[in-house]
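Here the sequence shown stands for residues 758 to 862, numbered as in this note's numbering. One structure is given here, and the rest of the page talks about it.
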Amino acid sequence: MSENSQPESTNTRRRVTKVGIVASDKMDKTVVVRVDRTVVHRRYRRYIRKTTKFMAHDEANQCKIGDTVEIVESRPLSAHKRWRVQRIVRAAVTASGDAGAGTTE
């Protein structure tokens, strides 16, 4: 090994991050995050919206359905989890208890 080469243990690869919306929070310390993306159809040249679901680790169980979160790639945490919740970008807007009280019939 030459003096200029770095040892293999120093990996400077950046981790992949994605932003999505929490679709489910029913599991303990796990959320399902829906990530939307747009692609161009090869034949028709039209934009198509595609959705991918990722299971992400939420250590504090703080994510709720509808929250916009940033997830980061990590080592495999279980059979299906390879992502961790990095931060909550925007909390979901929850409806208040008297949302329908102002309507007249």
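Cβ atoms here follow ideal geometry from the backbone N, Cα and C, with glycine treated the same way.
DSSP places I828 inside the beta strand (DSSP E), whose first and last residues are 825-830. Within the model, the alpha-carbon separation for A849 versus V789 is close to 15 Å. Within the same chain, Cβ atoms closer than 6 Å to the Cβ of I822 are found at V779, D782, the five residues on either side in sequence being excluded.
CA-CA distance, I845 to D824, rounds to 7 Å. Per the coordinates, the alpha-carbon of W840 lies some 12 Å from the alpha-carbon of V776.
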